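Encoded as structure tokens, the structure appears first; notes follow it.
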Amino acid sequence: MGGDPAIALARAVESRLSSVDDTDAAWERVQKRLSEEFGRLQDALSRHGHTATARPSEDGMRVDIVYQGRERAVPDLAEALAVEVAELTRILSAHEREILQTHLITEVAGTLQELIGTAERQVAAMNRELEERPTSTGMKLRLVWRASRRAPQGLAQARERLRQSADAWSPEDRAAVGAFLQEQIARRQADDSAGSWLEDLTAALDYRAWHEFGVERHQHGKWVPATGPASGGERVLAASVPLFAAASSHYASAGGAYAPRLVTLDEAFAGVDDDSRAKCLGLLRAFDLDVVMTSEREWACYPQVPGIAIAQLSRVDDIDAVLVTRWEWDGSERRRGTEPGARVDESRPAPLADGLGEAAGEPTVGGAGSQEFRWT
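For the record, in the sequence shown the residue sitting at position 85 is 85 according to the UniProt record's numbering, with numbers rising by one throughout.
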């Protein structure tokens, strides 16, 4: 009876191993795979200054890794690494506040102070542009750069302190700004635990996400949001004029009197009535912007425009060609422009110009056409 368990075990082992390939070729494949895997492990460790050794044992192959000058088995190494990570995390947490107070408060807060101040000065410059160039309707507009509706709590108090020099901060001011910045970092880390420290800092301290732009109009003696009730033309002006002012203010930073002030508009003023189109084009001139625009039906021939060059593009279906006809507007009359390599027929009268639509008396080629313009 004493041999029955041994026999049963032998039969169980034979049954389970009956499907195992025990040929020499299978053994060689296993040895080759072990060698390849160990080679990859050595390559990965060597990039960080560590080494690995392997030796056969009764259970197979034993791998030891040299870490901190000692050979460690893989389970021992995993345990040692876990202890070190916990210790480094504790040290980082202990020094985090010190880093924030010494570096972020002095360096980052100073940078935020400069960036926010620059943005406020640029908004003021845009508003001066708007004030110096009122619309023909008398509508007064201004831009506001304010805390957004999703701004973090405490931004208003932090902005007031950031308007001052960091050298003038009291210990309470310094602590308040530090607490505000640390709160933004902590919130970001809680929302995105997978991000790196650099990514968290970049997103948490992005002052642009704390603010938003708005447009206001002066009405009944006070400034109100420009999104309120207004005519179609006023809505177009409220949307366009601040953009023109922003472009003009930006180009003014170039410093050169002859620097180009280019603005490109695609399908310009689509769905806008004639009077509003004329006013918008006049404002582009008032802001001294060099406009290049495309439109399916706009000719831009208005008294408010002192001069513009027009390229009328026409085509015929099923023909791979486009006819370019050049025109020039001088503020009062539209004339045929000079074609490259061709002479102008001065006896040919210019078609009437009513500002938009097809030229009077000018046939439409293939029923399709468009215009491109630039200031002369």
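Beta carbons: idealized from backbone N, C-alpha and C, even for Gly. These numbers come from a predicted model, not from an experiment.
For residue i, the residue or residues it bridges with in DSSP
i, result
"Thr202", "In DSSP, Thr202 forms no bridge with anything."
"Val144", "Gly214"
"Asp290", "Leu262"
"Met139", "Beta-bridge pairing links Met139 to no other residue."
"Gln219", "Lys222"
"Arg334", "Trp329"
Backbone secondary structure at residue i - three-state DSSP
i, result
"Ser295", "strand"
"Ala54", "strand"
"Ala257", "coil"
"Thr118", "helix"
"Pro152", "coil"
"Arg67", "For clarity, residue 67 is Tyr in the given sequence; the question names Arg instead. Strand."
"Ala226", "coil"
"Asp354", "Reliability of the predicted coordinates at Asp354 is poor, the pLDDT of 48 falling under 50, and no value is obtained from them."
"Arg47", "coil"
"Ala73", "strand"
"Val263", "strand"
"Trp329", "strand"
"Ser240", "helix"
"Ile308", "strand"
"Ser35", "helix"
"Gly60", "strand"
"Arg133", "coil"
"Val322", "coil"
"Ile89", "The sequence shown places Thr at residue 89, rather than the Ile named in the question. Helix."
"Arg16", "helix"
"Thr111", "helix"
"Trp197", "helix"
"Arg163", "coil"
"Phe269", "coil"
"Glu339", "coil"
"Pro5", "helix"
Exposure of residue i, with buried meaning 16 or more beta-carbon neighbours within 10 Å
i, result
"Tyr258", "exposed"
"Val20", "exposed"
"Lys32", "exposed"
"Met293", "buried"
"Met61", "exposed"
"Glu107", "exposed"
"Pro242", "buried"
"Val291", "buried"
"Val272", "buried"
"Val236", "buried"
"Ile116", "buried"
"Trp197", "exposed"
"Lys279", "buried"
"Leu223", "A small fix is needed here, since residue 223 is Trp in this sequence, not Leu. Under this definition Trp223 is an exposed residue."
"Trp27", "exposed"
"residue 378", "Given that the chain is displayed from residue 1 to residue 376, the structure contains no residue 378 and the question cannot be resolved."
"Leu141", "buried"
"Leu17", "exposed"
Close-in-space but distant-in-sequence residues of the same chain around residue i (CB under 7 Å, 5 per side omitted)
i, result
"Ile185", "Asp200, Leu201 and Ala204"
"residue 429", "One cannot answer for residue 429 here, as it falls past the ends of the chain, which runs 1 to 376."
"Gln157", "Ala176"
Spatial neighbours of residue i in its chain, beta-carbon cut-off 6 Å, leaving aside the 5 residues before and after
i, result
"Pro306", "Gly331"
"Arg277", "Phe269"
"Trp329", "Cys301 and Ile308"
"Ser370", "Bear in mind that the predicted position of Ser370 carries a pLDDT of just 49, short of 50, making it unreliable; the figure below should be weighed with that in mind. Cβ within range, chain order: Glu296 and Leu313."
"Ala245", "Met126, Glu129 and Leu130"
"Glu212", "Ser148"
"Asp318", "none"
8 Å Cβ shell around residue i - same chain, five flanking residues per side excluded
i, result
"Gln42", "Thr51 and Ala52"
"Arg326", "Ala309, Ile310, Ala311, Gln312, Arg336, Gly337, Thr338 and Glu339"
"Pro152", "Phe180, Glu183, Gln184, Arg187 and Trp210"
"Arg11", "none"
"Ala286", "Arg133"
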